[in-house]
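Taking the UniProt record's numbering, the leading residue of the sequence shown gets 1, the next gets one more, and so forth. Note that CB positions come from ideal geometry on N, CA and C, so glycine has one too. Notes follow the structure.
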Amino acid sequence: MTSLTQAFANMPQAVEANMTQRTSVNIGLKKTLVLRGWRLVVSAFLCVCFLKMCHFEPANILSKLDKRHFLQKYFWKEAGFVKLKDVPGLDITPRHDPTVIPLCMGDSPPTMLPLDDQLDDVEISRQFHSALDYHNAYISGRVTPCQVARAILRLIHPKSTASIHRESWIEIHENETLQAARLSTERFASGKSRGVLDGVPFGIKADIRVESFITSMGMQVVPELPCFQPAGESAWPVTKLEEAGAIIIGVNNMHENGAGNFPNVAQLWAVLELADHEADTSGNNPTTGTPLNAYNHSYYPGGWSSGAGASIGVGLVPICLGTDAGGSVRIPGAWNGIYALKPTHHRLGCRNSTVSVVGPMAATVADLAVAYRLAAQPDLNDNVQGLFCVSIPPNVGMPKLIGLCHEWLDHSDPLIQTMFKEMTGYLTSHLGYQVVEIHLPYLEEGQLAHGAVCLSEAVGKTHSRGLRLNNWLTMVNCQGQVLLSTAQHASAMELIKRGQLRQAIMQHLAWLFKQHPGLIILPPTTPFLGWEIHQDDARFGLSDGNVCWNSTRYTWLANFSGIPSVQFPIGYASAPCGSGKLPVGAMGMGQWGCKEPLLGLAKEAETYLCEVSPDGRLRPQH
1 MTSLTQAFAN MPQAVEANMT QRTSVNIGLK KTLVLRGWRL VVSAFLCVCF
51 LKMCHFEPAN ILSKLDKRHF LQKYFWKEAG FVKLKDVPGL DITPRHDPTV
101 IPLCMGDSPP TMLPLDDQLD DVEISRQFHS ALDYHNAYIS GRVTPCQVAR
151 AILRLIHPKS TASIHRESWI EIHENETLQA ARLSTERFAS GKSRGVLDGV
201 PFGIKADIRV ESFITSMGMQ VVPELPCFQP AGESAWPVTK LEEAGAIIIG
251 VNNMHENGAG NFPNVAQLWA VLELADHEAD TSGNNPTTGT PLNAYNHSYY
301 PGGWSSGAGA SIGVGLVPIC LGTDAGGSVR IPGAWNGIYA LKPTHHRLGC
351 RNSTVSVVGP MAATVADLAV AYRLAAQPDL NDNVQGLFCV SIPPNVGMPK
401 LIGLCHEWLD HSDPLIQTMF KEMTGYLTSH LGYQVVEIHL PYLEEGQLAH
451 GAVCLSEAVG KTHSRGLRLN NWLTMVNCQG QVLLSTAQHA SAMELIKRGQ
501 LRQAIMQHLA WLFKQHPGLI ILPPTTPFLG WEIHQDDARF GLSDGNVCWN
551 STRYTWLANF SGIPSVQFPI GYASAPCGSG KLPVGAMGMG QWGCKEPLLG
601 LAKEAETYLC EVSPDGRLRP QH
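Right, here's the structure in full:
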C-alpha cells in the first residue's frame, strides 16, 4: 500500500463529513418512462408530427426553443439536478478537478515495476488464455503471431456476417495488423522477443486515439467533420503497449455517444422524459451494432466499453484498453466476467475531463497488472501524468482492511448480497482481511452531481467540436440536441454546489484513508444481475434511465473523487432468460495512487473464484 510518508500534490484535507446532514435533502428521483419497441416507434411518430407543426427542421428546432429556455429549464428541474443547490452543510471551497498525484520520492525512482511477479502462478485462470500462454506458444513454435492474427481477423471481419464476434469491433486495418504480426513473428524466430506482450493481440475502445484510426466514439462517421478524421498519433497507453510488441487487432465497438448529421427523431420523446440521468450503460448501439454478452446472448454486455468487455469475455483477446467515466470498464467487466481497472484520475494520461480515464481490461489479473504497468510509464511530455510515482505493492505485515458501508450495500438485490457476503466472508476467514464499518456521505446527491458533471462536460466538448457549424447542436441527433441544450442551462449555483459536494466527498475519503491506512472500500460492482435485451432493442434502441441509474450506484464514486477502483468476478448465477449463467462482480476502491494493493486484492479474489466458489471460473458456452 502507499507509504505513510508518501507525498501528494492536490491531496484534499482529511475532514470527516457531517453525517447528520447527509440525508437532510430528499433528492426524490422519479421513476422514468421506459421506451422501447413500438412505444418508441409511436413516440417517433408524435415527434415528427410535432416538428411539422412547428415548421422547423429537426436541426433548427432546438435553436428556436433555446431562445426561450423555458423547456430546457423544465427538463433540468424534472431530472432533479436543481435540487443540488439546496444541499445544506457545504460552506466549503468547491473543487472541480479530482486529480491527486502521489509524487516521486528519491533521486531516481523506477519508471515501472517489473513484470516478473505477474508471470508466476498463472495456472489459476487456465480457462482463459493469458498473455503468458501466447508468449510460451510463440517461444515453443506451436503457433506464430501471424497465425493468431489471421485467425482473429477471420472471426471479426466486417463481411463475416455469420460471426457472433463481428459486432464487438467497428474498425480494423487488416494490412497494418498483419504487418505488425509479421514483425513479431520475425522477432521470435530470431530470439529477439520484446517480452511477454510481444505478439499478443489487443483492442482499443473507439474513444481512444489510435494512429490512422477514426476516433468515432461509436457514432455514425461524418467524413467532412474534422473530429472524424483519422488520428495522427496514438494515445500514450496505446503507444506503450505497441512498443512492448502487442498487436492492435482493431477498434472496439462502444455505446453510441451521439450520432452524425442525420437526426434520429425516434429518440426525441425519450429525452423529453429525460430518462437518462447520465450516459446509458447497456451497450446498446443501433448505429454500429450491439455486441453480445459473453455468457448469455439474451443480455447486454454493459457499456460504454461494450465491445472490449465482450471480446475478452469470449476469449477472443486477453487485453483491451477502455475508458471509464462512471463505470465504463467496470460494468462490462462485471457482466462479462473479466477484470478491469479504473486508475487514479489522469494516471494513464489527461483526457480533458474531470471524470473520464483510460483503463485496462483483461482476462486475468496478471494480464491486467502487466497492461497497467506498461501503460502507466511516465510520459515526460505530460505535465500531469509525468509526475505520478510508481504505485507501491502492499507492505508485508500491514493490516488488510476492507471497508463496508451497509446503508449502501443494502441497495443490492438479495442474490447479489448473498454472493458478496460469501466472498467477503472468505476474505476475512481465510486471507486475513479485517472489516471496517464505514459511512459514506452524500451517496444520492453525489451520484446525481456526477451525472450533471458528465452532461456539462458533454456540452463543452460538443460545442468545441462544432464551432465551425452555424448550429453546433446539429452534430448530434435529436436526443443529443435536447439533452445538451438542456444541460447548458445549468446555473452557476449548481456548478458551485457540485464542486462543494466533490470537495466534501473527497475530504471524507481522505479522512477514512488517514484513519485506516490501506483501507479498500468494497461494494458489488452492480447491484443487480445483468440487463436483459428486449425484442426490437437492436432495431430501435431503448431508453431506460431507471436501470442505468441503478447500474452506476457503486461505480460513480471513483470517477467523481478520482480514486482508483478494480473490478473482479466473484461467481455466476442462473439468469431468468436465455442460455447460460451470468457473472457477478465486486469492486475495490483505494486511496489515490494505490493501484497495486487493489491488484493484490483482485488476485486473491481470483483464487477465491477459481478454487472456492461453487462453479469455479466458467468459460462462456458460446
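Given Val384 as reference, the closest of Lys240, Asn352, Met361 once Cα atoms are compared: Start at 1 with the first residue of the sequence shown, and residue 384 comes out as number 384. It is Asn352.
Alpha carbon to alpha carbon, how far is Gly327 from Ile520? Stepping through the sequence shown from its first residue, residue 327 is reached at position 327. Stepping through the sequence shown from its first residue, residue 520 is reached at position 520. Each residue's Cα considered, the two are about 17 Å apart.
Return the Cβ separation of Tyr295 and Lys581 in integer angstroms, given the expectation that the two are a contact with Cβ distance under 8 Å. Working through the sequence shown from its first residue, we reach residue 295 at position 295. Working through the sequence shown from its first residue, we reach residue 581 at position 581. Tyr295 to Lys581, Cβ: 6 Å. Contact.
Please confirm whether Val358 and Pro237 have their CB atoms less than 7 Å apart. If you number the sequence shown from 1, residue 358 lands on position 358. If you number the sequence shown from 1, residue 237 lands on position 237. Yes.
Exposed unless 16 or more other CB atoms sit within 10 angstroms - verdict on His255: On the sequence shown, position 255 is the one that residue 255 refers to. The residue in question, His255, is buried, as its Cβ has 16 or more Cβ neighbours within 10 Å.
Going by the beta-carbon positions, is the gap between Ala308 and Gly289 smaller than 7 Å? The residue labelled residue 308 in the question sits at position 308 within the sequence shown. The residue labelled residue 289 in the question sits at position 289 within the sequence shown. For Ala308 and Gly289, no; Cβs fall outside 7 Å.
Below 8 Å, how does it come out for the stretch 84 to 91 and the stretch 439 to 454: are there three or more Cβ pairs, yes or no? yes
With C-beta atoms as the reference, is Ala181 less than 7 Å away from Ile248? Working through the sequence shown from its first residue, we reach residue 181 at position 181. Working through the sequence shown from its first residue, we reach residue 248 at position 248. Taking 7 Å as the Cβ cut-off, Ala181 and Ile248 do not qualify as a contacting pair.
Between Gly571 and Thr607, what straight-line distance do the alpha-carbon atoms span, to the nearest angstrom? Your numbering for residue 571 matches position 571 in the sequence shown. Your numbering for residue 607 matches position 607 in the sequence shown. Those two C-alpha atoms are separated by around 12 Å.
Closest by C-alpha distance to Gly106, when choosing among Leu368, Val435, Cys389, Ala362: Here residue 106 corresponds to residue number 106 of the sequence shown, with the count starting at 1. It is Cys389 whose Cα lies nearest to the Cα of Gly106.
Checking 7 Å against the spacing of the C-beta atoms, do Trp436 and Leu401 come in under that value? Stepping through the sequence shown from its first residue, residue 436 is reached at position 436. Stepping through the sequence shown from its first residue, residue 401 is reached at position 401. Just to set this straight, residue 436 is Val in the shown sequence, not Trp. It is a contact, given that the beta carbons lie within the stated cut-off.
Between the alpha carbons of Ile172 and Cys320, how many angstroms are there, rounded? Numbered from its first residue, the sequence shown carries residue 172 at position 172. Numbered from its first residue, the sequence shown carries residue 320 at position 320. Approximately 14 Å between the Cα atoms of the pair.
Please decide whether Leu380 counts as near chain D, where near means a Cβ-Cβ distance under 7 Å. Here there is only one protein chain, and chain D is not present.
Going by the CB atoms, is the gap between Gln507 and Gln13 shorter than 7 Å? Along the sequence shown, one-based indexing puts residue 13 at 13. Along the sequence shown, one-based indexing puts residue 507 at 507. For Gln13 and Gln507, yes; Cβs fall inside 7 Å.
Can you tell me whether Thr525 is buried or exposed, with buried defined as 16 or more other CB within 10 angstroms of its CB? As a working note, residue 525 is residue 525 in the sequence shown. Looking at its Cβ environment, which holds 16 or more other Cβ atoms inside 10 Å, Thr525 is buried.
Using the Cα positions of His489 and Leu455, report the straight-line distance between them to the nearest angstrom. If you number the sequence shown from 1, residue 489 lands on position 489. If you number the sequence shown from 1, residue 455 lands on position 455. Roughly 11 Å between the two C-alpha positions.
Counting C-beta neighbours from all protein chains within 10 Å, is the total for Thr552 16 or more, i.e. buried, or is it exposed? Residue numbering aside, residue 552 sits at position 552 when the sequence shown is read from its first letter. With 16 or more other Cβ atoms within 10 Å, it is buried.
Go ahead and pull the three-state DSSP assignment for Val148. As a first step, residue 148 must be located in the sequence shown, where it is residue number 148. DSSP places Val148 in helix when its eight states are reduced to three.
Anyone know if the C-beta pair for Ser168 and Ala369 falls short of 7 Å? Within the sequence shown, residue 168 is the residue found at index 168, counting from 1. Within the sequence shown, residue 369 is the residue found at index 369, counting from 1. No, the pair does not count as a contact, with Cβ atoms beyond the cut-off.
Classify Ile139: buried if its beta carbon has 16 or more other beta carbons within 10 angstroms, exposed otherwise. One-based indexing of the sequence shown puts residue 139 at position 139. Classification of Ile139: exposed, given that the 10 Å Cβ count is below 16.
With a 10 Å radius around its C-beta and 16 neighbouring C-beta atoms as the bar for buried, classify Val317 as buried or exposed. Locating residue 317 in the sequence shown gives position 317, where the first residue counts as 1. Per the 10 Å Cβ criterion, buried.
Rounded to whole angstroms, what is the Cα-Cα separation between Val566 and Asn293? One-based indexing of the sequence shown puts residue 566 at position 566. One-based indexing of the sequence shown puts residue 293 at position 293. Roughly 20 Å separates the two Cα atoms.
Cβ distance (whole Å) where Val196 is taken to contact Ala131 below 8 Å: Here residue 196 refers to the residue found at position 196 of the sequence shown. Here residue 131 refers to the residue found at position 131 of the sequence shown. With 8 Å as the limit, Val196 and Ala131 qualify as a contact, their Cβ atoms being about 5 Å apart.
On the CB-based measure, 16 or more other CB atoms within 10 Å of its CB, does Glu445 come out buried or exposed? On the sequence shown, position 445 is the one that residue 445 refers to. The residue is buried, with at least 16 neighbouring Cβ atoms inside 10 Å.
Take Gly545 as the anchor and find which of Leu113, Pro332, Trp531, Asp536 has the nearest alpha-carbon. For the purposes of this step, residue 545 is identified with residue 545 of the sequence shown, where counting begins at 1. Of the candidates Leu113, Pro332, Trp531, Asp536, the one whose C-alpha sits nearest the C-alpha of Gly545 is Trp531.
For Cys594, is the classification buried or exposed, using 16 other Cβ atoms within 10 angstroms of its Cβ as the cut-off for buried? Taking the first residue of the sequence shown as position 1, residue 594 is located at position 594. Cys594 is buried by the Cβ-count criterion.
Cβ-Cβ distance between Val396 and Lys603 below 7 Å: To locate residue 396, count along the sequence shown from 1; it is residue 396. To locate residue 603, count along the sequence shown from 1; it is residue 603. Contact flag unset, no.
Can you check DSSP and say which residues form a bridge with Trp169? Residue mapping note: residue 169 aligns to position 169 of the sequence shown, counting from 1. Answer is Asn252, bridged to Trp169.
On a CA-only basis, which of Gly562, Gly585, Gln535, Lys514 is nearest Cys577? Give me that one, please. The sequence position of residue 577 within the sequence shown is 577, counting from 1. Of the listed residues, the one whose Cα sits closest to Cys577 is Gln535.
Nearest to Ile208 by alpha carbon, out of Leu431, Leu609, Met217? On the sequence shown, residue 208 is found 208 positions in, with the first residue counted as 1. If we check each option's Cα against that of Ile208, Met217 comes out closest.
Which class does Val222 belong to by DSSP, given the choice of helix, strand or coil? Locating residue 222 in the sequence shown gives position 222, where the first residue counts as 1. If DSSP states are grouped into helix, strand and coil, Val222 belongs with coil.
If you run the structure through DSSP and keep just helix, strand and coil, what is Cys389? Residue mapping note: residue 389 aligns to position 389 of the sequence shown, counting from 1. Note: Cys389 maps to coil in three-state DSSP.
State the Cα-Cα distance for the pair His346 and Ile156, rounded to the nearest angstrom. Sequence index remark: in the sequence shown, residue 346 carries index 346 (1-based). Sequence index remark: in the sequence shown, residue 156 carries index 156 (1-based). Those two C-alpha atoms are separated by around 32 Å.
Cβ shell of Leu599 (< 8 Å), same chain only, five flanking positions each side left out: Within the sequence shown, numbered from 1, the residue matching residue 599 stands at position 599. Leu341, Val365, Leu368, Ala369, Tyr372, Val566.
With DSSP collapsed to three states, give me the class of His277. Indexing the sequence shown from 1 puts residue 277 at position 277. At His277 the pLDDT is 35, less than 50, meaning the model places this residue with poor confidence and gives no usable figure here.
Would you list the one or two residues that DSSP bridges to Phe568? The residue you call residue 568 lines up with position 568 of the sequence shown. Answer is Ala586.
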